[in-house]
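Notes to accompany the following structure.
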Amino acid sequence: MNYHWDWGIFFKSTGVGSEIYLNWFVSGLGWTIAVALAGWIIALALGSVLGVMRTLPGKLLPAIATAYVELFRNVPLLVQLFIWYFLVPDLLPTPLEMWFKQGISPATSAYLSVVVCLGLFTAARVCEQVRTGIQALPRGQNNAALAMGFTTAQTYRFVLLPQAFRVIIPPLTSEFLNIFKNSSVASLIGLMELLAQTKQTAEFSANIFEAFTLATLIYFVLNMSLMGFMAWVEKRVRIPGMMGGSK
Amino acid sequence: MALDFSQIIPALPGLADGMALTLKLLVMAVGGGVVLGTLLALARLSDNLLLSRLAKWYVNYFRSIPLLLVISWFYLVVPMVLSWITGDLTPVGAFTSCLVAFVMFEAAYFSEIVRAGIQSISRGQINAAYALGMTYSQAMRLVILPQAFRKMMPLLLQQSIILFQDTSLVYAVGLMDFLNTARSKGDIVGLPHEFLLFAGAVYFVISFGASQCVKRLQKRLAV
């Protein structure tokens, strides 16, 4: 079998319009980032609320949050994605359903599904980290805040959460990286993100090896730079004198 | 939208075949992943700088790319490379490709668990083993690893539950695992939603049940 090595393939025309293969990778990376960031906003917001709920006194609110976490952690991501993409639109009221299926482009509907899916999926994980962060604080913090006359909301807002979020930056970083990696499932519902563009390049150019090598490199570099960025954030917000962070 | 679950009953034998494939893949991947992961952890902790660097790179590399990309590598690219080397054009097959991908990928995650497990054993244990005249491999095999594995059992099982859910990604290469079987059966009888929900429920029951068992085990093992 003769394989045609060609590392210059990325600068060659795809034969579709005036694009070169590199354009496909750039647009794929764009979608990957767009999916991951939008999903992360949902995950962080909802996950924080759920995490706080799990630590509240009382029974009902913690139970709801626990049920949410168990449900979203024990169903495979791909099943959840199929539910959001194939099933949920059929449950929507008719005008909304028509809008989802015909009013917007296939790329937009796939994008919305995958963002909601990844956001809610990752929220369950963020919730657990937030809960751990809050529970890791000394009990005295909560008691002192209440003794000073803070309401529960104020205690969380001014005392518990600012400390808890700093503690959990490392595990949150790995969830943040996971959402980028998990966004590759979007290729299975036809969204042209990085992995899908890689496969398309492999099919169009037959330079399979080069295409997958570039994709792997992009994921690797993306991962490393995000890790570096989060390490910088962690350093910036560190409280002097806490958690080994003498300044 | 009215749901009709009655058609699932005649499809159960087919779905069971799909689940058999999922479980076969899971068991083989966990077995291979733990073995390779343990070797990686030992390499990582060895005094040999080269071995330890290599193991570190392996783990960092596989942890920074998506599993789906790894599956694509082993399904599309690696068989091609193998056929140049061996000149043999027989296809590797989707199952083998996926199995190798899972073993290589999960080994990176298992190795971190094993490494933490080994490091949690006190140094006195290995010194005592050496003092008794044991070689490195005897000390590891007879003294350190048995204790380490007992300690990290809950984490290894938890990771296996995650792997159980991740096996559904073989959908990407068309392997007829449980999810893919459910999807195709649902499409054939025209009830895709019912079959999808059923598949989700089955995954949930198994994962949830298994993680409750792991939690109980964790409590029993706790000192």
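Chains as they are written, first to last, in our numbering: chain A, 1 to 247; chain B, 1 to 223. The beta-carbon is built from N, C-alpha and C at its ideal position, and this holds for glycine as well. Predicted, not measured: the structure shown is a model, and the values here were computed from it.
| Is the Cβ of residue 90/A closer than 8 Å to any Cβ of chain B? | Looking up residue 90/A in the first sequence gives position 90. At least one chain B Cβ lies under 8 Å of residue 90/A.
| said: Against residue 83/A, what residues of chain B qualify as contacts under a CB-to-CB distance less than 8 Å, listed in chain order? | reply: Counting from one through the first sequence, the residue named residue 83/A turns up at place 83. Correct list: 196, 197 and 200.
| Residue-level contact to chain B via CB, residue 4/A, 8 Å cutoff | Residue 4/A sits at position 4 when you count from the first residue of the first sequence. So, not an interface residue.
| task | Let me know the secondary structure DSSP gives residue 13/A once reduced to three states. | result | Mapped onto the first sequence, residue 13/A falls at position 13. Residue state, collapsed to three classes: strand.
| field | Where residue 8/B sits in the DSSP three-state scheme | value | Walking along the second sequence from the start, residue 8/B turns up at place 8. In this structure, residue 8/B counts as helix in the three-state DSSP scheme.
| message | Relative to the C-alpha of residue 5/A, which candidate in 37/A, 202/A and 230/A has its C-alpha closest? | response | Here residue 5/A corresponds to residue number 5 of the first sequence, with the count starting at 1. Nearest option by C-alpha distance: 202/A.
| said: Using a Cβ-Cβ cutoff of 8 Å, what residues of the region 195-209 of chain A are near chain B? List them in chain order. | reply: 195, 198, 199, 202, 208 and 209
| query | What did DSSP end up calling residue 208/A once you bin it into helix, strand or coil? | reply | Indexing the first sequence from 1 puts residue 208/A at position 208. The DSSP-derived three-state label of residue 208/A is helix.
| query | Does the Cβ of residue 91/A have 16 or more other Cβ atoms within 10 Å, making it buried, or fewer, making it exposed? | reply | The sequence position of residue 91/A within the first sequence is 91, counting from 1. That one is exposed.
| Element boundaries [alpha helix (DSSP H), containing residue 193/B] | To locate residue 193/B, count along the second sequence from 1; it is residue 193. Per DSSP, residue 193/B belongs to the alpha helix (DSSP H) from 192-221.
| Span of the alpha helix (DSSP H), counted from its first residue to its last, around residue 185/B | Taking the second sequence and counting its residues from 1, one reaches residue 185/B at position 185. Element bounds for residue 185/B: 178-189.
| query | Is the CB-CB distance between residue 175/B and residue 43/B below 8 Å? | reply | In the second sequence, the residue the question calls residue 175/B occupies position 175. In the second sequence, the residue the question calls residue 43/B occupies position 43. Contact: no.
| request: Provide the residue(s) that pair with residue 20/A in DSSP beta bridges, ordered along the chain. | output: Along the first sequence, one-based indexing puts residue 20/A at 20. Bridge partners of residue 20/A: 13/A.
| field | CB contact flag (residue 35/A, residue 115/A, <8 Å) | value | In the first sequence, residue 35/A corresponds to position 35, counting from 1. In the first sequence, residue 115/A corresponds to position 115, counting from 1. Their beta carbons are under 8 Å apart, which means residue 35/A touches residue 115/A by this criterion.
| field | Euclidean distance between Cα positions of residue 100/A and residue 183/B | value | The residue given as residue 100/A occupies position 100 in the first sequence. The residue given as residue 183/B occupies position 183 in the second sequence. Straight-line Cα distance between these residues: approximately 22 Å.
| Listed by chain order, chain B residues near residue 219/A by CB distance under 9 Å | For the purposes of this step, residue 219/A is identified with residue 219 of the first sequence, where counting begins at 1. Listed along chain B, the residues sitting closer than 9 Å to residue 219/A by beta-carbon distance are 64, 65, 66 and 69.
| query | List, in order along the chain, the chain A residues whose C-beta lies closer than 8 Å to that of residue 95/B? | reply | Position 95 of the second sequence, counted from the start, is the residue given in the question as residue 95/B. Neighbours of residue 95/B in chain A, taken as residues whose beta carbon is under 8 Å from its own, are absent, since the nearest beta carbon is some 18 Å off.
| query | Any beta-carbon of chain A closer than 8 Å to the one on residue 102/B? | reply | Numbered from 1 along the second sequence, position 102 holds the residue referred to as residue 102/B. Using beta-carbon distances, residue 102/B does not count as an interface residue toward chain A, since no partner is under 8 Å.
| field | Three CB pairs or more closer than 8 Å across the region 140-150 of chain A and the region 66-75 of chain A | value | no
| request: Within its chain, find whatever has a CB closer than 6 Å to the CB of residue 10/A; leave out the 5 residues flanking it on each side and keep chain order. | output: Translated into the one-based positions of the first sequence, residue 10/A becomes position 10. Correct list, in chain order: 21 and 22.
| query | Name the chain B residues whose beta carbon is nearer than 7 Å to that of residue 215/A? | reply | Walking along the first sequence from the start, residue 215/A turns up at place 215. Residues of chain B passing the Cβ test: 69.
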